[in-house]
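Q: Counting from 1 along the sequence shown, just add 69 to a position and that's the residue number in the numbering used here.
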Amino acid sequence: MFKKDPLQIIAFQGYGTDTHFYARGRALEDESIDLENQNTWHLIINTWKRFETDEIKNVGINIKLPDGKILKGQTDRDGYYKVEANLDALAKLANDEGWLPFELSYSDVNIKRTIQNNNRFPGEILIPSTKAQFGVASDIDDTILHTGVVSTLKWKVIYNSVFKHAKNRIPLEGAADFYHKLHRGASGKNANPIFYVSHSPWNLYRYLELFLKQNNFPKGPILLRSMSNLLKRKKQDEKPQKQKEILNLLKTYPDLPFILIGDSGEHDPDIYMEIAEEFPDRILAIYLRSVKHKKRMLRVKGLIENYKTTEVLLVESSDQATKHAKKHGFIS
Numbered sequence: 070m071f072k073k074d075p076l077q078i079i080a081f082q083g084y085g086t087d088t089h090f091y092a093r094g095r096a097l098e099d100e101s102i103d104l105e106n107q108n109t110w111h112l113i114i115n116t117w118k119r120f121e122t123d124e125i126k127n128v129g130i131n132i133k134l135p136d137g138k139i140l141k142g143q144t145d146r147d148g149y150y151k152v153e154a155n156l157d158a159l160a161k162l163a164n165d166e167g168w169l170p171f172e173l174s175y176s177d178v179n180i181k182r183t184i185q186n187n188n189r190f191p192g193e194i195l196i197p198s199t200k201a202q203f204g205v206a207s208d209i210d211d212t213i214l215h216t217g218v219v220s221t222l223k224w225k226v227i228y229n230s231v232f233k234h235a236k237n238r239i240p241l242e243g244a245a246d247f248y249h250k251l252h253r254g255a256s257g258k259n260a261n262p263i264f265y266v267s268h269s270p271w272n273l274y275r276y277l278e279l280f281l282k283q284n285n286f287p288k289g290p291i292l293l294r295s296m297s298n299l300l301k302r303k304k305q306d307e308k309p310q311k312q313k314e315i316l317n318l319l320k321t322y323p324d325l326p327f328i329l330i331g332d333s334g335e336h337d338p339d340i341y342m343e344i345a346e347e348f349p350d351r352i353l354a355i356y357l358r359s360v361k362h363k364k365r366m367l368r369v370k371g372l373i374e375n376y377k378t379t380e381v382l383l384v385e386s387s388d389q390a391t392k393h394a395k396k397h398g399f400i401s
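Here is the structure:
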């Protein structure tokens, strides 16, 4: 008889407001993914484990806030949980950067399985500081991380995700420094929230989290999509998941304008410009990193040539974006 893996809960860094708590994550068997091991065979095994997950479906979970309050939730058929609650004075429970810590646990103490960490798992959500001037919603793939999204049949994406350790992935030059400047804002102490939005599945959450940490990017919620959404055929009028996530940010923080950062390789220009049309007074600027693909670059240049709703800047380097942001008073 095979020994069953112990249970764990992975909390995805979420976001909320002073009166709204919103947390997401996943209950899984511990697949013992070694984020430190860089041996090629281990990298292949780890990639397999990321996608061949054993989710814990339809189980109750508890979220304990720093003031002792308990919120209840349940995982779905893919093991994901989403817990929302309207509460008061949540910002008081957060630190100076706006991070509110909490503790997760399986609510059924009679589960006949080993549960890691004595059934106590850390989580946190971001409640943006009242000092924030704006928020930043940034793509990850080919915006801050070389992925080869525009390569033929996306073979570079597959190669990079399978054969490269997160620690060895190369961030785009100057990106981390630029994001820290945006985070600090014009006063240097604005604590502007940074949200990382990607088409990647949640299975890559810890991989991307490690990449951002290793390369000193400012801490921020990473918003991905589920594998079932990835494989599901989209309805004709349905918005891409990335667009839905950014629209949700704009609705969650109605008083916060946003800067959108992406690349010119895939659908970012179309998504961002459509968002700017819907919220013309809320999008301060759109930065699109140029990719080495002549046909796509021509298409994007044609799109933005006569676009007047908000300023769209095609940038070759982080330095160009930094100069523009300084000129417009976004950073000091």
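A virtual CB, placed ideally from N, CA and C, is assigned to each residue, including glycine. Source: prediction; values computed, not measured.
By the 10 Å Cβ neighbour count, where 16 or more other Cβ atoms means buried, how is Asp208 classified, buried or exposed?
A: Counting from 1 along the sequence shown, the entry for residue 208 is found at position 139. The residue in question, Asp208, is buried, as its Cβ has 16 or more Cβ neighbours within 10 Å.
Q: So, is Val218 buried or exposed, given that buried needs 16 or more other C-beta atoms within 10 angstroms?
A: In the sequence shown, counting from the first residue as 1, residue 218 sits at position 149. Because Val218 sits at a pLDDT of 43, beneath the cut-off of 50, its placement in the model cannot be relied upon, and the following sentence gives the value as read from the coordinates. With 16 or more other Cβ atoms within 10 Å, it is buried.
Q: Within the segment 308–394, note down every full alpha helix (DSSP H) run reaching 4 residues or more, in order along the chain.
A: Listed in chain order, they are 310–321, 337–347 and 363–373.
Q: If I measure Cβ to Cβ from Asp388 and keep anything under 8 angstroms in the same chain, skipping five residues before and after, which residues do I get?
A: Looking up residue 388 in the sequence shown gives position 319. Excluding residues within five positions, the ones whose Cβ falls inside 8 angstroms are Gly243.
Q: Does the Cβ-Cβ distance between Pro349 and Thr321 come in under 8 angstroms?
A: On the sequence shown, residue 349 is found 280 positions in, with the first residue counted as 1. On the sequence shown, residue 321 is found 252 positions in, with the first residue counted as 1. No. Outside cutoff.
Q: Once you ignore the five residues that flank Arg95 on each side, which residues in its own chain have a CB closer than 6 angstroms to its CB?
A: Against the sequence shown, residue 95 aligns to sequence position 26. Cβ within range, chain order: Ile79, Gly148 and Tyr149.
Q: Locate the beta strand (DSSP E) running through Arg95, then write down its first and last residues.
A: Translated into the one-based positions of the sequence shown, residue 95 becomes position 26. Run containing Arg95: His89 to Glu98, per the beta strand (DSSP E) assignment.
Q: Let me check understanding here. Comparing Cα to Cα, which of Ile373, Val360 and Asp324 lies closest to Tyr341?
A: Reading the sequence shown from its first residue, position 272 is the one you call residue 341. If we check each option's Cα against that of Tyr341, Ile373 comes out closest.
Q: On the criterion of 16 or more Cβ atoms from any shown chain inside 10 Å, does Gly417 qualify as buried, or is it exposed?
A: Coverage of the chain is limited to positions 70 through 401, which leaves residue 417 absent and any answer about it impossible.
Q: If you follow the alpha helix (DSSP H) that Phe247 is part of, which residue opens it and which one closes it?
A: By one-based count along the sequence shown, residue 247 stands at place 178. From DSSP, the alpha helix (DSSP H) with Phe247 extends over Ala244 to Arg253.
Q: Output yes or no for whether 8 angstroms exceeds the beta carbon distance between Ala206 and Leu329.
A: Numbered from 1 along the sequence shown, position 137 holds the residue referred to as residue 206. Numbered from 1 along the sequence shown, position 260 holds the residue referred to as residue 329. Contact: yes.
Q: Quick one: residues in its chain with C-beta nearer than 7 angstroms to the C-beta of Tyr431, no 5 flanking neighbours on either side, listed in chain order?
A: In this structure the chain extends from 70 to 401, so residue 431 is not present and cannot be described.
Q: Closest by CA to Asp165, which one among Asn261, Lys392 and Arg93?
A: Mapped onto the sequence shown, residue 165 falls at position 96. Ranking the options by Cα distance to Asp165, first place goes to Asn261.
Q: How is Arg478 classed by DSSP in three states: helix, strand or coil?
A: This structure cannot settle anything about residue 478, because the visible part of the chain is limited to 70 through 401.
Q: Residue range of the alpha helix (DSSP H) that Phe171 falls in?
A: What you label residue 171 is simply residue 102 of the sequence shown in a count that begins at 1. Here Phe171 belongs to no alpha helix (DSSP H); instead the beta strand (DSSP E) covers Trp168 to Tyr175.
Q: If distances are taken between C-alpha atoms only, which option among Leu279, Tyr376 and Lys392 comes closest to Phe81?
A: To locate residue 81, count along the sequence shown from 1; it is residue 12. Of the candidates Leu279, Tyr376 and Lys392, the one whose C-alpha sits nearest the C-alpha of Phe81 is Leu279.
Q: Buried or exposed for Gly398, going by 16 or more other Cβ atoms inside 10 Å?
A: Locating residue 398 in the sequence shown gives position 329, counting from the first residue. The residue is exposed, with fewer than 16 neighbouring Cβ atoms inside 10 Å.
Q: Helix, strand or coil for Leu273? Go by DSSP, reduced to three states.
A: Position 204 of the sequence shown holds residue 273. Of the three classes helix, strand and coil, the one that applies to Leu273 here is helix, per DSSP.
Q: Starting from the Cα of Phe203, find the closest Cα among Asp324, Gln77 and Tyr376 and give me that residue.
A: Counted from its first residue, the sequence shown places residue 203 at position 134. Among Asp324, Gln77 and Tyr376, the Cα nearest to that of Phe203 is on Asp324.
Q: Give me the residue from Asp74, Gln77, Glu98 and Ala390 with the minimum Cα distance to Leu251.
A: Position 182 of the sequence shown, counted from the start, is the residue given in the question as residue 251. The candidate whose alpha carbon is nearest that of Leu251 is Ala390.
Q: I need the straight-line Cα distance from Val384 to Val266, nearest angstrom please.
A: Sequence index remark: in the sequence shown, residue 384 carries index 315 (1-based). Sequence index remark: in the sequence shown, residue 266 carries index 197 (1-based). Rounded to whole angstroms, Val384 to Val266 spans 19 angstroms at the Cα level.
Q: What residue from Gly371, Ser359, Arg368 and Glu314 has the CA that sits closest to Ile344's CA?
A: The residue you call residue 344 lines up with position 275 of the sequence shown. Of the candidates Gly371, Ser359, Arg368 and Glu314, the one whose C-alpha sits nearest the C-alpha of Ile344 is Glu314.
Q: Can you pull the DSSP bridge partners for Ile125?
A: For the purposes of this step, residue 125 is taken as the residue at position 56 of the sequence shown. Answer is none; Ile125 lacks a bridge partner.
Q: If we ignore side chains and look at the alpha-carbon of each, how far apart do Thr183 and Lys73 end up?
A: To locate residue 183, count along the sequence shown from 1; it is residue 114. To locate residue 73, count along the sequence shown from 1; it is residue 4. Answer to the nearest angstrom: the Cα atoms are 9 angstroms apart.
Q: How is Gln134 classed by DSSP in three states: helix, strand or coil?
A: The residue you call residue 134 lines up with position 65 of the sequence shown. For the sequence presented, residue 134 should be read as Leu rather than Gln. The answer is coil: DSSP assigns Leu134 none of H, G, I, E or B.
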